[in-house]
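The numbers in the working numbering rise by one with no breaks, and the one at position 221 of the sequence shown is 229.
The C-beta atom is built at its ideal place from N, Cα and C for all residues, glycine as well.
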Amino acid sequence: MTPTKSVQFYRRILDNLTDAVLLFDQDLSLSYINMPGEILFAVSARQVLGSRAQQVFFFSDQSVESDMRRALATGSSITKRNVLLSLPLHPMTVNVAMTPLVDEPNPALLVELQQVDRHLRISMEEQLMAQQNASRMLLRGLAHEIKNPLGGLRGAAQLLDRELDEEQREYTRIVIEESDRLQSLVDRMLAPHTPPHKSQLNIHKVLERVRQLVQAEAPAGVSLHRDYDPSIPDLLGDSDQLIQAILNIVRNAAQAVGSRGNITIRTRIHRQVTLGHRRHLLAVKIEVIDDGPGIKPELLNQIFYPMVTGRAEGTGLGLSIAQSLISQHGGLVECASVPGNTVFSIFLPLEKEHE
């Protein structure tokens, strides 16, 4: 391997790590940042190379820079845990590992930033997916048990309806109508388990279809805004299932804002995303943001469970079905909510299935 190829090889390794890696010279000027570092700080290497440490980092703990100098001076590694990093878009908790490279001709300091939030999120996602799978299996079993006697009940009511006088048919028709409603509910419980028929698709065409449907049925005071990243490549998916999943989430947002409010649909590319047990080099993140009253804290951790709803007229199936359909595409749906700002984040991998 030639020196040039060797450098490229090691850079590729560093760019495929999940943690941000930065290299500072003895004056604490930045001389290298890997791709996860660029993603973390939302900058390009060209923008920040040569910057001083205090221009790169925005730590709430002001002692981090002095620890960096101490690590260089003493030649000893230092680790600081659970340090708040104040990023432009959102704060983040990180562990900071500082390793001095004092044996080199030009002393340097290697700084690794490990996102504590990301590890917690992955753990919570795995737990959430396991619980949801158990719930869906239970619900699916119940749906099958209900389906057969329900058909018999409706058939008996139809036979009885033919034998009764017109004024007495009111009650049998109530039984038939309620049987049909329950049948529809059972069908919706079983529907997400249909395997997706995947093909290459443009996610923005899916989102535009959803936006048109919701805009047509929403009150005049509800505004739907778009914030799309046009550079997002096509992905492999089932267009109908993705429309249904995202439609359920956007409709949920429309119901939350009521007669007046704002909903924003935003797309961005994310790199090095872990979904379930697999890490993806590229994923699309679709955010559905509304300025409604928010979700009650006691419901937030259960919002994707079947039959859980904050509305009296709700069935509690829309978000559960959405999560199930997205899960069949190797993706995940997350939710964060405070009054005035509820965000549903949909992650879908962009790699082809054989990659």
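Annotation: I311 to T272 spans about 20 Å, alpha carbon to alpha carbon. Between G326 and N256, the CB-CB gap stays under 8 Å. By the CB criterion at 8 Å, A81 and E73 fall outside the cutoff. When the beta-carbon positions are compared, S187 and P227 stay at least 8 Å from each other.
Ranked by Cα distance from S328, the first of H337, Y313 and L340 is Y313.
The alpha carbon of T282 has as its nearest neighbour, out of F17, S39, Y18 and N24, the alpha carbon of N24. For the 8 Å CB-CB criterion, I154 and V194 form a contact. Only residues of its own chain outside the window of five on either side were considered, and among them V222, A226, V230 and I271 have a CB closer than 7 Å to the CB of A262, listed in chain order. Here V124 really is in contact with T101; their C-beta atoms are around 4 Å apart, less than 8 Å. G269 sits in a strand when the DSSP states are folded into three classes. G348 places its beta carbon less than 8 Å from that of D299. Taken in chain order, the complete alpha helix (DSSP H) segments of 4 residues or longer contained in the segment 41-117 are 43-49, 53-56, 61-64 and 71-82. The beta carbons of L48 and A28 sit closer together than 8 Å. Secondary-structure assignment with DSSP links E216 through no beta bridge to anything. Excluding sequence positions up to five before and after H278, its CB lies within less than 8 Å of the CB of I47, L290, A291, V292, K293 and F355, all in the same chain and listed in chain order.
Cβ contact annotation for G302 (same chain, cutoff 6 Å, sequence separation greater than five): S345, V346, P347 and T350, in chain order. In this structure, DSSP gives I257 a helical state, which the three-state scheme calls helix.
Counting C-beta atoms within 10 angstroms of its own C-beta, Q331 has 16 or more neighbours from the protein chains shown and is therefore classed as buried. In this structure L30 touches I41 by the C-beta definition: roughly 5 Å separates them, less than 8 Å. Scanning F67, S247, S52 and P238 for the CA closest to the CA of V91 turns up F67.
E216 and N260 have their C-alpha atoms some 17 Å from each other.
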